[in-house]
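For reference, the structure discussed in these notes is given below.
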Amino acid sequence: MKKTDARHIRLIAVGILLMNIGTAVNYFIRINIDIIDFFKGFGIALVLGALWLSAKNRWHHQP
Numbered sequence: 041m042k043k044t045d046a047r048h049i050r051l052i053a054v055g056i057l058l059m060n061i062g063t064a065v066n067y068f069i070r071i072n073i074d075i076i077d078f079f080k081g082f083g084i085a086l087v088l089g090a091l092w093l094s095a096k097n098r099w100h101h102q103p
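Following the working numbering, the numbering of the sequence shown begins with 41 at its first residue and continues without gaps.
Right under this line is the structure:
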């Protein structure tokens, strides 16, 4: 696997981890819903951004 591909996969993993952290914290601790929504939204943004960058990178570097 190329190093550039690993970067996008790492961003996807971090995004999914942030979404799961937001859900787990909400289950165990009842805190402000805006904080939980921030973690979930930021995680989704990281995942979608990484997928978009990966697709853009593959499209521009086709043989």
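Where is the CB? At the ideal position from N, CA and C, for every residue including glycine.
Query raised in the report: For the 8 Å Cβ check, are there 3 or more pairs between the stretch 85-92 and the stretch 63-71?
Result: no
Report task. Evaluate L86 with the Cβ neighbour count: other Cβ atoms within 10 Å of its Cβ, from every protein chain shown; 16 or more gives buried, anything less gives exposed. Result -> buried
Query raised in the report: Is it the case that the Cβ atoms of M59 and F79 are separated by a distance below 8 Å?
Result: yes
Query raised in the report: Which residues in the same chain have their Cβ closer than 7 Å to the Cβ of I7, if we skip the five residues on either side of it in sequence?
Result: Summary: the structure shown does not reach residue 7, with the chain confined to residues 41 through 103, and so no result is reported for it.
Query raised in the report: Just how far apart, CA to CA, sit V54 and H48?
Result: 10 Å
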